[in-house]
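J.: Residue numbers (UniProt numbering): 1 to 544. I'd like to ask some things about the structure below.
Below, the structure is given as structure tokens:
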């Protein structure tokens with residue numbers, strides 16, 4: 001039980017030191033001009049060195065086909081696409097590329113499973129037992145799942161094995177527990193009528209998961225959908241399809257009937273668009289960018305007006321008050337931003353620090369970033385692996401240039417690590433202003449932007465001055481300040497003196513353009529249920 005509780009917060013506390021590459025992508029002259037007196041040391045685990053071969057992952061890739069109606073099959077077109085090791089840019093495996101025809105087959109299988117199959121008709125307790133067996137299998141195969149997650153996505157193995165796989169199993173157990181506790185009610189009427197309010201499964205749910213947390217998003221979406229008795233068609237991100245295919249095989253081993261879960265790897269404009277616009281899909285759930293979320297809403301509306309749950313982007317403020325313990329605040333802010341290579345929708349990407357402790361905070365944040373260990377995610381002690389792919393890698397360098405050009409001070413980082421793979425130095429900017437691009441856009445990368453504030457009312461106003469509202473953090477010794485600021489912030493989650501705590505029972509969702517609806521907890525069950533009122537007359541009732 002202690003291990004499961006510890007897994008509710010992914011973050012660890014480690015750090016070492018070495019040196020950066022000699023040449024800066026910003027150019028030596030530019031760097032000297034922008035960084036007077038800066039320390040250019042930077043932590044790099046030996047595994048990231050160019051003269052060392054990447055560690056061989058301790059797992060075999062078994063599943064690369066589509067999963068439709070209980071069988072692994074090739075795509076109808078016969079096409080495949082590469083999934084790439086971000087440590088090297090080399091191909092791990094070629095995966096079947098689903099498109100509209102495959103989505104048709106998957107939806108047809110899910111529809112048959114829901115309309116004619118045993119899953120929604122078996123007792124809720126029997127559904128519970130299947131999900132519990134699945135959680136047991138996930139724990140039994142923890143090492144293989146974690147290795148696939150780290151190989152495909154670049155995240156440290158210690159994070160995958162010690163945090164994400166246990167959390168996914170815990171999430172499935174949580175929803176297994178809900179399966180036989182979903183019920184309606186009998187309500188009184190103003191007359192002789194018997195009124196039942198039923199809670200029914202919604203039908204076929206289309207789900208699209210992102211590349212940054214493929215395993216956890218699988219659990220967050222598939223868990224409640226199956227607990228409610230639905231069938232699912234899941235599209236994986238093209239960057240990270242391997243862990244979802246593997247655990248889907250375990251779910252069938254646990255006793256899930258054929259057709260109840262179908263997994264189609266593929267690309268957004270083809271497989272994703274086909275799923276969102278499919279007339280046979282009753283519900284959509286998506287985690288990803290706000291721009292893609294808007295497209296999904298349009299496709300859902302223009303087809304059969306299917307309901308949509310969206311968990312989208314964020315530009316979350318992390319607010320450090322003047323009474324904070326600066327050392328603790330620096331560590332927490334560091335982990336809030338750099339966790340998962342900065343590829344986290346709720347990352348504390350706007351670090352607001354009170355002017356009285358600002359200089360000390362920046363100095364210590366610089367030192368902490370330089371101690372961060374970057375290297376092969378399969379090497380013990382590594383805190384930060386590579387970014388997901390070359391496209392994201394190039395965008396990071398563009399944001400660094402934007403920060404420099406807009407007048408922010410590049411305190412540390414801003415360059416690649418080594419010459420192979422997609423490794424980036426942890427980067428810290430100071431003197432960041434609200435109007436700068438790095439303070440406005442969801443960067444989704446290991447770039448910390450530190451802003452200065454004077455008063456509580458001011459920082460609340462500035463923190464809320466964004467299109468996003470996914471999460472926020474407040475670091476203070478004052479309970480009154482914590483309560484006042486937490487209530488004033490327009491965000492779906494506010495962490496006080498902690499960050500990235502994701503227990504299965506805690507709902508997660510956003511205000512404004514950060515999403516529609518809620519994941520996790522009891523709140524997510526409503527995403528996959530219909531409400532039906534059944535009214536019948538009573539003849540000579542003894543009571544009303």
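The C-beta atom is built at its ideal place from N, Cα and C for all residues, glycine as well. Since this is a predicted model, take the numbers as computed values, not measurements.
Ordered along the chain, which non-local residues of its own chain (more than five positions away) have a Cβ less than 7 Å from that of residue 63?
T.: Around residue 63: 72, 245, 246, 249.
J.: How about residue 374 and residue 411: do their beta carbons lie closer than 8 Å?
T.: Contact flag unset, no.
J.: Taking residue 153 as part of the alpha helix (DSSP H), name the residues at either end of that continuous run.
T.: Segment 142 to 153, the alpha helix (DSSP H) holding residue 153.
J.: Just how far apart, CA to CA, sit residue 239 and residue 333?
T.: So the two alpha carbons sit approximately 28 Å from each other.
J.: Which residue spans inside the stretch 288 to 317 form an unbroken beta strand (DSSP E) run of at least 3?
T.: List check, beta strand (DSSP E) in window: 308 to 311.
J.: With residue 452 as the anchor, note down where its beta strand (DSSP E) starts and where it stops.
T.: Its beta strand (DSSP E) spans residues 447 to 453.
J.: Out of 385, 349, 323, which one is the CA nearest neighbour of residue 356?
T.: The residue with the shortest Cα to Cα distance from residue 356 is 323.
J.: Kindly identify the DSSP beta-bridge partner or partners of residue 72.
T.: Looking at the DSSP assignment, residue 72 forms a beta bridge with 67.
J.: Less than 8 Å separating the beta-carbons of residue 524 and residue 224?
T.: Yes; because the gap between Cβ atoms is below 8 Å, this pair is in contact.
J.: Please check the pair residue 275 and residue 300, which I expect to be a contact at CB under 8 Å, by giving their CB distance rounded to whole angstroms.
T.: That pair is no contact at about 10 Å.
J.: Any chance the stretch 131 to 147 sits against the stretch 163 to 175, with 3 or more Cβ pairs inside 8 Å?
T.: Short answer: they touch.
J.: Out of 78, 352, 527, 311, which one is the CA nearest neighbour of residue 461?
T.: Comparing Cα-Cα distances from residue 461 to each of 78, 352, 527, 311, the minimum goes to 352.
J.: Can you check DSSP and say which residues form a bridge with residue 80?
T.: DSSP lists 96 as partners of residue 80.
J.: Could you pull out every residue in the same chain whose Cβ sits closer than 8 Å to the Cβ of residue 389, ignoring the five residues on either side in sequence?
T.: Closer than 8 Å at Cβ, skipping near neighbours: 84, 86, 239, 422.
J.: Between the stretch 266 to 281 and the stretch 98 to 117, are three or more C-beta pairs nearer than 8 Å?
T.: Counting Cβ pairs under 8 Å, three or more are found: they touch.
J.: Using only the alpha-carbon positions, how far apart do residue 533 and residue 123 sit?
T.: Using only the alpha carbons, I get a separation of about 22 Å.
J.: Please identify the residue among 228, 234, 444 whose C-alpha is closest to the C-alpha of residue 203.
T.: When only C-alpha atoms are compared, the closest one is 228.
J.: How would you label residue 542, buried or exposed, when you count the other beta carbons within 10 angstroms and need 16 or more for buried?
T.: The residue is exposed, with fewer than 16 neighbouring Cβ atoms inside 10 Å.
J.: In three-state DSSP terms, what is residue 285?
T.: It is a strand residue.
J.: Roughly how many angstroms separate the alpha carbons of residue 336 and residue 407, rounded to a whole number?
T.: Using only the alpha carbons, I get a separation of about 24 Å.
J.: Across the stretch 344 to 351 and the stretch 112 to 121, are there enough close Cβ pairs to call them in contact, namely three or more that are closer than 8 Å?
T.: Counting Cβ pairs under 8 Å, fewer than three are found: no touch.
J.: Assign residue 251 to buried or exposed, taking buried as 16 or more other Cβ atoms, counted over all protein chains shown, within 10 Å of its Cβ.
T.: Its Cβ being crowded by 16 or more others within 10 Å, residue 251 is buried.
J.: Here's the rule I'm using: 16 or more other beta-carbon atoms within 10 Å means buried, otherwise exposed. How should residue 185 be labelled?
T.: Residue 185 should be labelled exposed.
J.: If we ignore side chains and look at the alpha-carbon of each, how far apart do residue 500 and residue 115 end up?
T.: Straight-line Cα distance between these residues: approximately 39 Å.
J.: What three-state label does DSSP hand residue 14 in the structure shown?
T.: Bear in mind that the predicted position of residue 14 carries a pLDDT of just 31, short of 50, making it too unreliable to give a figure here.
J.: Mind checking residue 345: buried by the 16 CB within 10 Å criterion, or exposed?
T.: Answer is buried; the Cβ neighbour count reaches 16.
J.: Would residue 535 be called buried (16 or more neighbouring beta carbons within 10 Å of its own) or exposed?
T.: Looking at its Cβ environment, which holds fewer than 16 other Cβ atoms inside 10 Å, residue 535 is exposed.
J.: Would residue 384 and residue 317 be called neighbours here (beta carbons separated by less than 8 Å)?
T.: Contact: no.
J.: From the DSSP secondary-structure annotation, give me the bridge partner or partners of residue 224.
T.: In the DSSP output, where bridge partners are listed per residue, residue 224 has none listed.
J.: With the cut-off set at 8 Å, would you say residue 264 and residue 98 are in Cβ contact?
T.: Yes; because the gap between Cβ atoms is below 8 Å, this pair is in contact.
J.: How would you write the range of the beta strand (DSSP E) that residue 467 sits in, first residue to last?
T.: Careful: residue 467 lies outside any beta strand (DSSP E) and carries neither H nor E.
J.: What do you reckon, are the CB atoms on residue 281 and residue 206 nearer than 8 Å?
T.: Yes, Cβ-Cβ distance for residue 281 and residue 206 is below 8 Å.
J.: Residue range of the beta strand (DSSP E) that residue 196 falls in?
T.: From DSSP, the beta strand (DSSP E) with residue 196 extends over 193 to 201.
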